[in-house]
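Comments concern the structure below.
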Amino acid sequence: MAEAGYNTFLLRSEDVYIDLLTDSGTNAMSDRQWSAMMMGDEAYAGARSFYNMERAVREIYGFKHMVPTHQGRGAEHLISRILIRPGHVIPGNMYFTTTRVHQEMQGGMFVDVVIDEAHDPAAQHPFKGNVDIFKLAEAIQTYGAQNVPYVNVACTVNLAGGQPVSMQNLRDVRELCASHGIRVWCDATRAVENAFFIKDREPGYADKPVRAILHEMMSYFDGCTMSAKKDCLVNIGGFLAMNDETILQQAREQVVIFEGMPTYGGLAGRDMEAIAQGIYEMVDDAYIAHRVNQVRYLGEQLRAAGVPIVEPIGGHAVFLDARRFLPQLDQEEFPAQALAAELYIDSGVRAMERGIVSSGRDPMTKENRRPKLELVRLTIPRRVYTDRHMDVVAWSVKSLYERREEIRGLDMVYEPPTLRFFSARFEPQPVGVKTLA
Ligand SMILES: *Cc1c(COP(=O)(O)O)cnc(C)c1O
Numbered sequence: 033m034a035e036a037g038y039n040t041f042l043l044r045s046e047d048v049y050i051d052l053l054t055d056s057g058t059n060a061m062s063d064r065q066w067s068a069m070m071m072g073d074e075a076y077a078g079a080r081s082f083y084n085m086e087r088a089v090r091e092i093y094g095f096k097h098m099v100p101t102h103q104g105r106g107a108e109h110l111i112s113r114i115l116i117r118p119g120h121v122i123p124g125n126m127y128f129t130t131t132r133v134h135q136e137m138q139g140g141m142f143v144d145v146v147i148d149e150a151h152d153p154a155a156q157h158p159f160k161g162n163v164d165i166f167k168l169a170e171a172i173q174t175y176g177a178q179n180v181p182y183v184n185v186a187c188t189v190n191l192a193g194g195q196p197v198s199m200q201n202l203r204d205v206r207e208l209c210a211s212h213g214i215r216v217w218c219d220a221t222r223a224v225e226n227a228f229f230i231k232d233r234e235p236g237y238a239d240k241p242v243r244a245i246l247h248e249m250m251s252y253f254d255g256c257t258m259s260a261k262k263d264c265l266v267n268i269g270g271f272l273a274m275n276d277e278t279i280l281q282q283a284r285e286q287v288v289i290f291e292g293m294p295t296y297g298g299l300a301g302r303d304m305e306a307i308a309q310g311i312y313e314m315v316d317d318a319y320i321a322h323r324v325n326q327v328r329y330l331g332e333q334l335r336a337a338g339v340p341i342v343e344p345i346g347g348h349a350v351f352l353d354a355r356r357f358l359p360q361l362d363q364e365e366f367p368a369q370a371l372a373a374e375l376y377i378d379s380g381v382r383a384m385e386r387g388i389v390s391s392g393r394d395p396m397t398k399e400n401r402r403p404k405l406e407l408v409r410l411t412i413p414r415r416v417y418t419d420r421h422m423d424v425v426a427w428s429v430k431s432l433y434e435r436r437e438e439i440r441g442l443d444m445v446y447e448p449p450t451l452r453f454f455s456a457r458f459e460p461q462p463v464g465v466k467t468l469a
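Just so we're on the same page, this note's numbering is the position in the sequence shown counted from 1, plus 32.
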């Protein structure tokens, strides 16, 4: 940990025992996916593998058209270029890093219309990712429907802790937007996990297969961006899907500039085969129940031991609330960074800081931004770990909680100018000296 500057991003994976850094591209592929890869058609144009992926997207998501991209942000880039012009406003249910950057690069502005509960780690709500319909109506009124090219709804909401959106909320968003002639776009990165939460929590869906629920969810959208590295159970890939032929035409014109021909979009034929097969596997009810329940299994153990976590437990990760875990530390002593480092030292479990280090500095004042949420994210890859691994993680976190008063803060000794969390270096504060920046 000292060699890695107390930054879990700087560890080598071979030095990690249980890797909960992210669920992105870290999924285990099935025997069928590996076999499908052997069948990859690597033709430059019109590859069979593209048509297999297109068929899977049509059948499972229900969109008529699909353009592959190298990963999710490639799809975000395309839709932002196609629909956003300077002065446009894009309402969404909480920001996501890459999504917002692409909107801003086109001269657009993101407006947050998620319900207030999403910003409070302790607030209980079954669908904490819901759009606040009143806030959305107000945004449309304030900026004018002609300046809102689309509303972007993420299901689930990553930065709120993997919180889902209800089917009723999707219907309400659709209805409001239709009355103003505004498109609705989905960030479908973890939409299968969202569909599972609908089955679990929303009246009328308990007996429906996740596959049918996902299909209904997508029917309220004009299209979606997708990072296949999450739901689709692969290591790389993404796509932009839509029903509108004009947007398809424009997407094909753009993808050829930035990603590749419209029938491969930056992917190898074998990648498209693995995605196509993964799309059928991801809507298996037993699989998705196991996936979400494994996250819950870890979270419940921590909650039972009184460890402060973000609630309700989300679909892809358990978040430790470092503010309540280490109340003795000021936020400028980097409590979440210190806790992630301590967890690795204790048990070789790698987690990630999501707090003041990730937030960076205000570009104007150069002061540290002090975000409300100071979290350590324990993200569970799909089909990789057993529940016994989760027991080890829980045991380690609980033992840290028992000796939490001994955990010291960190000093930042190297700070890169941008996206500092990836490569910043730290040192433990000297014993008995509390150095406040
Ligand atoms: C990961 C992610 C993206 C971006 O996808 P990449 O494949 O990493 O480019 C977009 N939205 C959400 C919600 C994500 O979690």
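All residues carry an ideal CB built from backbone N, CA and C; glycine is no exception.
How many Å lie between residue i and residue j at the Cα?
{"i": "residue 242", "j": "residue 461", "result": "49 Å"}
{"i": "residue 253", "j": "residue 121", "result": "18 Å"}
{"i": "residue 164", "j": "residue 233", "result": "19 Å"}
{"i": "residue 459", "j": "residue 355", "result": "20 Å"}
{"i": "residue 156", "j": "residue 323", "result": "22 Å"}
{"i": "residue 55", "j": "residue 399", "result": "31 Å"}
{"i": "residue 456", "j": "residue 211", "result": "48 Å"}
{"i": "residue 154", "j": "residue 78", "result": "51 Å"}
{"i": "residue 171", "j": "residue 123", "result": "7 Å"}
{"i": "residue 92", "j": "residue 311", "result": "7 Å"}
{"i": "residue 438", "j": "residue 452", "result": "27 Å"}
{"i": "residue 218", "j": "residue 239", "result": "25 Å"}
{"i": "residue 80", "j": "residue 411", "result": "34 Å"}
{"i": "residue 433", "j": "residue 216", "result": "43 Å"}
{"i": "residue 469", "j": "residue 380", "result": "With a pLDDT of only 45 at residue 469, under the threshold of 50, the placement of this residue in the model should not be trusted, and no figure is reported."}
{"i": "residue 320", "j": "residue 397", "result": "45 Å"}
{"i": "residue 280", "j": "residue 102", "result": "17 Å"}
{"i": "residue 225", "j": "residue 249", "result": "12 Å"}
{"i": "residue 143", "j": "residue 63", "result": "43 Å"}
{"i": "residue 130", "j": "residue 189", "result": "13 Å"}
Tell me whether residue i sits in a helix, a strand or coil according to DSSP, three-state version.
{"i": "residue 325", "result": "helix"}
{"i": "residue 296", "result": "coil"}
{"i": "residue 230", "result": "helix"}
{"i": "residue 166", "result": "helix"}
{"i": "residue 264", "result": "coil"}
{"i": "residue 393", "result": "strand"}
{"i": "residue 439", "result": "coil"}
{"i": "residue 201", "result": "helix"}
{"i": "residue 251", "result": "helix"}
{"i": "residue 116", "result": "coil"}
{"i": "residue 457", "result": "strand"}
{"i": "residue 402", "result": "coil"}
{"i": "residue 471", "result": "Outside the modelled stretch of the chain, which goes from 33 to 469, sits residue 471, for which no answer is possible."}
{"i": "residue 57", "result": "coil"}
{"i": "residue 42", "result": "helix"}
What first and last residue would you give for the beta strand (DSSP E) that runs through residue i?
{"i": "residue 219", "result": "215-219"}
{"i": "residue 184", "result": "182-186"}
{"i": "residue 352", "result": "349-353"}
{"i": "residue 384", "result": "384-386"}
With respect to the alpha helix (DSSP H) encompassing residue i, which residues constitute its N-terminal and C-terminal limits?
{"i": "residue 371", "result": "367-379"}
{"i": "residue 177", "result": "No alpha helix (DSSP H) contains residue 177, which DSSP labels as neither H nor E."}
{"i": "residue 423", "result": "419-434"}
{"i": "residue 140", "result": "Residue 140 -> no alpha helix (DSSP H), and no H or E assigned at all."}
{"i": "residue 288", "result": "277-290"}
{"i": "residue 506", "result": "Here the chain has residues from 33 to 469 only, and residue 506 is not among them."}
{"i": "residue 415", "result": "Unbroken run through residue 415: none, as it is neither H nor E."}
Would residue i and residue j qualify as a contact pair, given that the criterion is a beta-carbon distance under 9 Å?
{"i": "residue 50", "j": "residue 421", "result": "yes"}
{"i": "residue 150", "j": "residue 126", "result": "yes"}
{"i": "residue 259", "j": "residue 409", "result": "no"}
{"i": "residue 191", "j": "residue 386", "result": "yes"}
{"i": "residue 265", "j": "residue 314", "result": "yes"}
{"i": "residue 367", "j": "residue 361", "result": "yes"}
{"i": "residue 352", "j": "residue 344", "result": "no"}
{"i": "residue 58", "j": "residue 267", "result": "yes"}
{"i": "residue 295", "j": "residue 257", "result": "no"}
For chain C, check one thing: does any of its Cβ atoms lie closer than 9 Å to the Cβ of residue i?
{"i": "residue 93", "result": "In the displayed structure, chain C is absent; only one protein chain is listed."}
Measuring from the CB of residue i, is there a heavy atom of ligand 2 at a distance below 8 Å?
{"i": "residue 106", "result": "This structure does not include ligand 2; its bound ligands are ligand 1."}
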